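Going by the UniProt record's numbering, the sequence shown opens with residue 1, and the numbers climb by one from there. For glycine and all other residues, C-beta sits at the position ideal for the given N, C-alpha and C. Note that this is a predicted model, so its numbers are computed, not measured. Written below as structure tokens is the structure these notes are about.
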Amino acid sequence: MSATPQLKKAFSRRFHSTGILFGVLLLLVVVWAIRQFDLDAQQSRYQQSRYLSDQLITEKTKRAANTIQSWHQQAGKVAELSSWTAVKQYCLLDEIPLQPDDDLCLPVSFITLAALRQADQAGTAPVVMIQSESKGTYIELVRKAGDQYLIVALQPDLLKAMSQTWADNGYWALYQGSSNAKPLAVSGDRQWMTQTPDQTADIPGSYWQLRFWAGEMPSPPLMSPLLWYIAGLILAIVSWWFLVILLPPPPKKRPKRDISKPAPEVIASYEPRILTGYDRERYSATEDTDPESMQVTVDNENNDAAETDISTEAVSEANSDTIEYQHYDAFDSPPPEEDSRPAQTTPDVLDFDWQDGDSNDEAPVLDEEPPPSDAMTSNHEKPAEPESELPQPTDISLMPALDVAMQNDKRVDDDMTPDRAAKTEIDPAIFKTYDIRGIVGSQLNEDIMYRLGQVIGSEALSRGQKQIVLSRDGRHSSTAYATAVAKGLNATGCDVIDIGAMPTPVLYFATHHLETNSGVMITGSHNPSDYNGIKIVLAGETLAGESIKMLRQRLAFDEIRSGSGNYLQQAVHDAYIAKVAEQISLSRKLQIVVDCGNGIAGPIAPVLLERIGCKVTPLYCDVDGDFPNHHPNPGDPENLQALIAKVSEVGADLGLAFDGDGDRLGVVTASGDIIWPDRLLLLFAQNVLAEYPGETILYDVKSTSLLRELITRAGGNPVMVASGHSLIRKALQESGARLAGEMSGHLFFADRWYGFDDALYAACRLLELLAADPAGRQRTPDQIFAAQPRRRNTPEIHIPMPDPATRQFMRRFSEKAVFAEANISDIDGIRADFHDGWGLVRASNTVPGLTVRFEAATQSGLTRIQQLFATQMRQIKPDLDLPF
Numbered sequence: 001m002s003a004t005p006q007l008k009k010a011f012s013r014r015f016h017s018t019g020i021l022f023g024v025l026l027l028l029v030v031v032w033a034i035r036q037f038d039l040d041a042q043q044s045r046y047q048q049s050r051y052l053s054d055q056l057i058t059e060k061t062k063r064a065a066n067t068i069q070s071w072h073q074q075a076g077k078v079a080e081l082s083s084w085t086a087v088k089q090y091c092l093l094d095e096i097p098l099q100p101d102d103d104l105c106l107p108v109s110f111i112t113l114a115a116l117r118q119a120d121q122a123g124t125a126p127v128v129m130i131q132s133e134s135k136g137t138y139i140e141l142v143r144k145a146g147d148q149y150l151i152v153a154l155q156p157d158l159l160k161a162m163s164q165t166w167a168d169n170g171y172w173a174l175y176q177g178s179s180n181a182k183p184l185a186v187s188g189d190r191q192w193m194t195q196t197p198d199q200t201a202d203i204p205g206s207y208w209q210l211r212f213w214a215g216e217m218p219s220p221p222l223m224s225p226l227l228w229y230i231a232g233l234i235l236a237i238v239s240w241w242f243l244v245i246l247l248p249p250p251p252k253k254r255p256k257r258d259i260s261k262p263a264p265e266v267i268a269s270y271e272p273r274i275l276t277g278y279d280r281e282r283y284s285a286t287e288d289t290d291p292e293s294m295q296v297t298v299d300n301e302n303n304d305a306a307e308t309d310i311s312t313e314a315v316s317e318a319n320s321d322t323i324e325y326q327h328y329d330a331f332d333s334p335p336p337e338e339d340s341r342p343a344q345t346t347p348d349v350l351d352f353d354w355q356d357g358d359s360n361d362e363a364p365v366l367d368e369e370p371p372p373s374d375a376m377t378s379n380h381e382k383p384a385e386p387e388s389e390l391p392q393p394t395d396i397s398l399m400p401a402l403d404v405a406m407q408n409d410k411r412v413d414d415d416m417t418p419d420r421a422a423k424t425e426i427d428p429a430i431f432k433t434y435d436i437r438g439i440v441g442s443q444l445n446e447d448i449m450y451r452l453g454q455v456i457g458s459e460a461l462s463r464g465q466k467q468i469v470l471s472r473d474g475r476h477s478s479t480a481y482a483t484a485v486a487k488g489l490n491a492t493g494c495d496v497i498d499i500g501a502m503p504t505p506v507l508y509f510a511t512h513h514l515e516t517n518s519g520v521m522i523t524g525s526h527n528p529s530d531y532n533g534i535k536i537v538l539a540g541e542t543l544a545g546e547s548i549k550m551l552r553q554r555l556a557f558d559e560i561r562s563g564s565g566n567y568l569q570q571a572v573h574d575a576y577i578a579k580v581a582e583q584i585s586l587s588r589k590l591q592i593v594v595d596c597g598n599g600i601a602g603p604i605a606p607v608l609l610e611r612i613g614c615k616v617t618p619l620y621c622d623v624d625g626d627f628p629n630h631h632p633n634p635g636d637p638e639n640l641q642a643l644i645a646k647v648s649e650v651g652a653d654l655g656l657a658f659d660g661d662g663d664r665l666g667v668v669t670a671s672g673d674i675i676w677p678d679r680l681l682l683l684f685a686q687n688v689l690a691e692y693p694g695e696t697i698l699y700d701v702k703s704t705s706l707l708r709e710l711i712t713r714a715g716g717n718p719v720m721v722a723s724g725h726s727l728i729r730k731a732l733q734e735s736g737a738r739l740a741g742e743m744s745g746h747l748f749f750a751d752r753w754y755g756f757d758d759a760l761y762a763a764c765r766l767l768e769l770l771a772a773d774p775a776g777r778q779r780t781p782d783q784i785f786a787a788q789p790r791r792r793n794t795p796e797i798h799i800p801m802p803d804p805a806t807r808q809f810m811r812r813f814s815e816k817a818v819f820a821e822a823n824i825s826d827i828d829g830i831r832a833d834f835h836d837g838w839g840l841v842r843a844s845n846t847v848p849g850l851t852v853r854f855e856a857a858t859q860s861g862l863t864r865i866q867q868l869f870a871t872q873m874r875q876i877k878p879d880l881d882l883p884f
């Protein structure tokens, strides 16, 4: 049996669709291959550029070191110094002066004294540029000459001659130490100079640092345009295949006839009848027919002339059939219905009354979709259901300052296009070890935050994470930055659940409570008011170290996904308070003063503490991004003085302090004693090990050595780890530890809590222990802490220093520092443990500079360890200003 015309047409249509699909797929494969090739080429160019930069700066640094060595060799020939044209003046000393002296043949400063002492031990000392009021500017070279000590003042023009050997490409600059003052010598094209150099290296034998800006990247490979030509050729072949081969030949044109005459079949029947319609195949709407001739005149039964106009009916029916045929036959599906779901409006999640109506209390205002027209909603009265339902917020009745925002499902309209955002250069210095952080305005703005939102969203999707919880602190820039990040996340296809302005621990809690496992917090943490940043959790991992570097690489290679996500608002703070109160209830009432430092913990901390049974006196709990009363960092004793005074004034049992985003805890007693977080960890460790014997307890390198002794005696496994909240959380997850903490105030509970750093929860756990004193209910918190073992120690001491210089200093310090009879730990900086105490110097990962801390059994031991570290540190950087 031969196939019917309908089957032939159906087969032809399917064949056409298959050909189109095959062509599109082939084109997509080629485009993907081109894109992959370009990414590989970019990666290769980047690696090649880094390799060339490393090679260049290594070569130039080695050449400069050899030049300095030749100076020392020339200066060693004391008898020939007078004939060396580079010498401005020299001085021979029989002994090292006891103190600085400007009256000698050459001025002896503290730097010169340090150089003389180093030359006494090593024979030579690093060269340095000196600016003297009496002798002008010169290069100071110090070395031992037999039994004497030689100081030589060399012409600064020697550096100009040295810099002439650098002029390959890019821009080179020689600086003294890590200072950003005027460089000592430069070479190359200054247009390549940016805020951060591509490479930095210390020059051996000097206090100088060579910085290099690489300049233009190598040109792209020639294969990429060729691949695009191949793609165009394939597209042309597919188009020709579709038009010439797949399309059926045009139908043969039928001969025209006078349709006013009866058709042959009418004549054959010998029966006059009215022709009421055309055969659809023979007379389609596309046939060339004169409308005026489309009238048939026949005789009716009464032989009267009856004229029937069939043009309108036939043409209309033919056109209708043609449209129906093209739509359903070509796509085999009805037309898609437009989304007529009306946009919903809702108040902000937490409309805090920040400052008498200050606009900073508003939630991120994201553009909504315009409401659908009547025509769109007339046929679709019922809104489309969301794909999945989120847990509904519990009833919230905290205080007037906490307004509840109902869940709002709307799509973000993005007026910040990727093209616009892509023009903003992003400073790589904002990618820190623990998070993303920078200075508002100069390093961070809304365009940059939008792009960071895209990067985070793309990384989240690559990890199988689509829903991301979003929150922010109370800084002036945080609302706008949260809006920009939400738009960036939505632009990748991620759904955003905005919980409003909340402390970081509440954001972490929300990732568990809402079962997203991913969250983004806009916060500057404990940093000054002009800072802001992003803390990130993806698939339960707090991003740090290599994960942060991956975000930077994704940004550099433009590995950004595209999509359209939803924006929801949901309140979780009442659920958080209920969850904590479910676990903790005090056995006796304690009077507490709470100092939130005008940070975002202010609206929730007093409510939480009252809920578990405390009498609370709030101090600076109104949110103010200017932090007008003191800096929100409980790690600085200066920031605790107002709390100490208030505790004494009201006769409270204890004072609690929180940082700007509520994840760091500070504690003071009624007597004014500051209980540093490592001492809190001593108390918590005993409590946790009583319930979980043999478990691992983590503490950071800045914490007291008493932790190792006490945890071991209590039957636990003490493990010292690197500092940093994200690093410690990762270590806790990997080790399965029940408890962890660090000196800065981050405390992690994984026995009855979720294992993230939560200062609010830690404060409640502390009050629970103090209220349930096992020795009876008579001891005050002061007495309980006084019973703990204690050693003399310092708080964290911060020494400001630019980031590149900090890294260089630590590298040289780890290589050259010598501490006899000490156990050295280098997991995070250099920690030297002596028999009676320890000292630590490390690079800070939150603000530029060094962090140092000391501890000893006695005050004399503490002073001795500090002096040992000061001596070693000044050997690396003689002009280092140390507060000990």
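Residue pairing of C614 in beta bridges, as defined by DSSP: L590.
Looking at L81, V667 and S187, the one whose alpha-carbon comes closest to that of I644 is V667. For the set A642, Q199, R831 and A762, the Cα lying nearest the Cα of P428 is the one of Q199.
When C-beta atoms of the stretch 673 to 693 are compared with those of the stretch 527 to 537, fewer than three pairs fall below 8 Å, so the two segments do not count as touching. L159 places its beta carbon less than 7 Å from that of A185. Non-local C-beta neighbours of N845 in its own chain, meaning closer than 8 Å and more than five positions away in sequence, comprise K432, T433, Y434, S723 and G724, ordered along the chain. Under the three-pair Cβ rule at 8 Å, the stretch 511 to 531 counts as touching the stretch 649 to 666. For the set I439, V440, W84 and Y481, the Cα lying nearest the Cα of R451 is the one of Y481.
Contact between the stretch 552 to 559 and the stretch 735 to 745 is absent: fewer than 3 CB-CB pairs across the two stretches fall below 8 Å.
Taking all protein chains in view, the Cβ of A173 is crowded by 16 or more other Cβ atoms within 10 Å, so the residue is classified as buried.
Contact between T704 and D663 does not hold, since the beta-carbon distance rounds to 21 Å and is not under 8 Å. Minimum Cα-Cα distance from E695 among the listed residues G716, F869, L706 and K702 corresponds to G716. Here E459 carries a helix assignment [DSSP, helix/strand/coil]. In this structure, DSSP gives H72 a helical state, which the three-state scheme calls helix. Note on the stretch 512 to 577: whole alpha helix (DSSP H) runs with a minimum of 4 residues are 546 to 556, in chain order.
By a beta-carbon distance limit of 8 Å, G474 does not contact A571. Their separation comes to about 17 Å. Under the three-state reduction of DSSP, I203 is assigned to coil, being neither helix nor strand.
In the DSSP assignment, K730 falls within the unbroken alpha helix (DSSP H) covering H725 to S735. In terms of Cβ geometry, W192 and Y207 do not form a close pair [threshold 7 Å]. D700 carries a strand assignment under DSSP once its states are collapsed to helix, strand and coil. Cα atoms of N517 and N629: separation of roughly 36 Å, rounded to the nearest angstrom. Ranked by Cα distance from G545, the first of D574, I436 and G599 is I436.
With respect to I577, L551 sits apart: the two C-beta atoms are not nearer than 7 Å. Taken atom to atom, the span from the alpha-carbon of K646 to that of L640 is near 10 Å.
Counting other Cβ atoms within 10 Å of its Cβ, R765 reaches 16 or more and is therefore classed as buried. In this structure, L113 is the residue among S83, L113, L767 and D828 with its C-alpha nearest to the C-alpha of I96.
Sorting Q443, A510, Y567 and I439 by C-alpha distance to the C-alpha of N490 places Y567 at the top.
In this structure, the beta-carbon distance from A642 to D782 does not fall below 7 Å.
From the listed residues M720, Q583, L767 and G565, the smallest Cα separation to G655 is found for L767. In the displayed model, Q148 falls within a strand according to three-state DSSP. Q808 and T492 have their C-alpha atoms spaced approximately 38 Å apart. Annotated as distal: G565 and D624, with beta-carbon spacing of 7 Å or more. Spanning the alpha carbons of D622 and P503 requires a straight line of approximately 14 Å. DSSP lists T851 as the bridge partner or partners of H798.
Assigned with DSSP and collapsed to three states, N633 falls in coil, not helix or strand. The three-state secondary structure of N793, taken from DSSP, is strand.
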